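Heads up, the thing below is written out as structure tokens.
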């Protein structure tokens with residue numbers, strides 16, 4: 002069946018569709034039905050089934066003859082090492098660490114915070130929690146102590162699993178002092194901290210509370226503990242608009258069913274194929290597509306400790322693909338913009354054989370057409386944009402290449418996946434026609450594996466996602482559908498600016514700017530204007546080797562926007578900057594940039610990659626008459 006048939010089949014009988022997908026999972030007690038709507042609009046899936054995530058991701062592959070297959074490839078250019086772990090070895094490591102947790106009093110329903118860099122032990126820690134029914138919450142390694150403390154207080158972990166340090170290029174970042182500081186700041190105190198000592202930096206252990214990773218495992222290994230289908234597998238915190246983090250809950254049963262389905266349907270890989278998501282375990286991509294999705298499906302997953310450039314150069318992605326025979330590759334557009342900026346003509350890829358690769362998948366932010374076209378050209382493989390969120394855990398809209406590779410429309414993540422009934426609504430909640438910009442909302446219920454609520458914050462869940470458009474989940478993104486049903490994600494809802502009464506997408510302007518041959522990366526924000534309400538202002542990062550003056554490039558980009566979007570955009574201001582402020586996952590902090598421009602106070606985002614960039618942004622804005630008094634609030 003093609004995509005249209007599969008989607009129509011889901012629409013006509015969602016219950017039968019998801020029960021069929023559930024058969025690919027090994028249940029201790031099979032569910033009697035898929036959807037549980039008793040507490041609508043708080044829906045649940047497979048609630049009466051009993052299942053274990055670790056068993057499905059590890060043990061069953063060993064039992065089914067895959068024990069000698071490599072499960073995890075750890076490639077670390079920062080330590081110049083490659084480590085391979087088979088499913089049989091992973092089973093032993095996971096059972097052993099799970100035993101250590103049990104011995105320290107951790108059991109089903111207890112929370113465990115994981116504070117680790119990109120090493121295999123991070124996945125072992127996640128799987129060990131899942132093995133005994135503990136609920137893990139991974140916090141990005143090296144996160145500030147205050148932010149870690151906030152998460153400790155919110156999920157009240159019985160234990161913390163941490164590494165002694167992380168490596169950022171040549172820099173060693175000690176995690177243990179940050180962890181100690183966080184525990185001192187928090188109201189809740191974990192009973193146990195299990196510390197994995199890395200050779201680059203040994204941590205000093207706190208007597209009575211801390212225990213060495215190796216020493217902790219001198220106990221019997223633990224077996225898999227079946228949990229209910231609606232039991233939380235993990236809590237993952239995402240930034241909230243109030244500054245307080247939101248704990249996204251991931252239910253066990255739906256998580257297993259949905260992720261397993263996506264590996265073939267969306268990424269077109271079969272068990273045994275090598276899959277690589279170049280992300281971090283601190284983000285949802287790391288949960289879904291470094292750890293759980295590939296392993297549940299029987300794929301080999303790559304854990305990469307490095308950067309797209311600088312470890313050691315802009316060819317590191319190509320080397321990893323070649324060395325490990327990666328079949329399907331997933332990363333964020335910002336990674337490719339960084340590579341393109343360093344190697345605009347793609348010379349470095351010519352030294353590597355990436356013929357093993359069948360496709361590149363992009364997500365995490367809008368993939369501008371220029372980046373997609375560059376990647377297509379230098380890599381010689383299809384490039385598929387797809388769109389999803391921390392809250393959903395997997396693809397809302399994408400190109401289901403394992404079902405049918407649909408024609409690519411550059412700039413669109415293609416079409417809604419089964420389970421997602423996507424609508425474009427105006428401010429009153431009414432559906433708008435093709436080509437009309439509006440709020441993107443998904444008709445309830447959301448599919449299996451998506452968030453059923455926020456951790457200990459049901460009212461906040463309702464307010465954040467359900468109340469604006471009753472009967473729908475509010476994505477917070479703005480966009481439109483075309484006549485073919487293709488979805489176009491134009492901006493976050495708060496990135497749609499109002500210029501003299503015209504609602505304009507900053508994303509559409511960014512597409513035009515990115516098409517300039519000298520522009521490596523760009524962002525557009527709305528700034529306050531007495532006459533028009535708001536005006537767009539562009540930030541431009543230029544390619545290495547650009548021979549034009551900044552003023553020339555600015556003038557050319559202003560003309561391009563005027564020619565392609567029209568005078569209604571009132572695009573007249575742009576500044577050249579060396580870099581853009583981003584989160585560690587690569588998202589551009591447009592909201593903060595707007596506050597700086599309008600001289601409004603702002604809170605330093607916990608996830609910012611380098612706070613010093615904000616000073617550079619302020620300096621650039623002041624050259625065009627903005628940011629006269631913006632300060633951190």
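Numbering (this note's numbering), first residue to last: 2 to 634.
Even for Gly, the Cβ is constructed at its ideal location relative to N, Cα and C.
Keep in mind that this is a model prediction, so the values were computed, not measured.
Closest option to residue 135, judged by alpha-carbon separation, among 144, 236 and 260: 236.
In this structure, residue 114 sits away from residue 78, with a CB-CB distance that is not shorter than 7 Å. For the 7 Å CB-CB criterion, residue 364 and residue 387 form a contact. In the three-state scheme derived from DSSP, where H, G and I count as helix and E and B as strand, residue 109 is classed as coil. Taking 8 Å as the upper bound for CB-CB distance, residue 520 and residue 562 are not in contact here, some 12 Å apart. Straight-line measurement puts the Cα of residue 540 at about 10 Å from the Cα of residue 579. Here residue 147 is exposed. Its C-beta has fewer than 16 other C-beta atoms within 10 Å. With at least 16 other beta carbons inside 10 angstroms of its own, residue 607 counts as buried. At least 7 Å separates the beta-carbon of residue 98 from that of residue 123. As summarised for the stretch 92-151, the continuous beta strand (DSSP E) elements at least 3 residues long and confined to that stretch are 112-116 and 136-139, given in chain order. The beta carbon of residue 583 sits closer than 6 Å to those of 589 and 610, all from its chain and outside the five residues before and after it, given in chain order. DSSP, read as helix, strand or coil, puts residue 225 in coil.
For residue 104, the CB contacts under 6 Å within the same chain, skipping 5 residues up- and downstream, are 220 in chain order. The C-alpha of residue 250 lies about 21 Å from the C-alpha of residue 398. Scanning its chain for C-beta atoms nearer than 6 Å, with the 5 sequence neighbours on each side dropped, one finds around residue 127 the residues 137 and 292, in chain order. When DSSP states are grouped into helix, strand and coil, residue 176 belongs to the coil group.
Along the stretch 210-290, the alpha helix (DSSP H) occurs as fully enclosed runs of 4 or more residues at 214-217 and 253-266, listed in sequence order. A Cβ-Cβ distance of about 19 Å is found for the pair residue 133 and residue 215, leaving them out of contact under the 8 Å criterion. Sorting 362, 336 and 317 by C-alpha distance to the C-alpha of residue 351 places 317 at the top. The C-beta distance from residue 536 to residue 500 rounds to 6 Å, short enough to fall under 8 Å. Going by DSSP, residue 521 is part of the beta strand (DSSP E) stretching over 520-530.
In the assembly as shown, residue 205 is an exposed residue. Its beta-carbon has fewer than 16 other beta-carbons within 10 Å. Looking at the DSSP output, residue 321 shares a beta bridge with no other residue. Per DSSP, the continuous alpha helix (DSSP H) segment holding residue 15 begins and ends at 15-23. In the structure shown, residue 465 adopts helical secondary structure according to DSSP, grouped into three states. Closest in alpha carbon position to residue 259, among 70, 372 and 451, is 451.
Around the beta carbon of residue 424, a 10 Å sphere encloses 16 or more other beta carbons of the protein chains shown; the residue is thus reported as buried. Secondary structure in the stretch 366-418: the alpha helix (DSSP H) runs of 4 residues or longer, each lying completely within the stretch, are 370-380 in chain order.
In the three-state reduction of the DSSP assignment, residue 507 falls in the helix class. Closest in C-alpha terms to residue 308, from the list 191, 296, 279 and 300, comes 279. Under the three-state reduction of DSSP, residue 89 is assigned to helix. Judged by DSSP in its simplified three-state form, residue 169 adopts strand. Counted as a single uninterrupted DSSP element, the beta strand (DSSP E) harbouring residue 498 occupies residues 497-500. In the DSSP assignment, residue 355 falls outside any beta strand (DSSP E) and carries neither an H nor an E. Inclusion of residue 294 and residue 455 in the CB contact set at 7 Å is not warranted, their separation being larger than that value. Judged by DSSP secondary structure, residue 341 falls outside any beta strand (DSSP E) and instead within the alpha helix (DSSP H) spanning 334-343.
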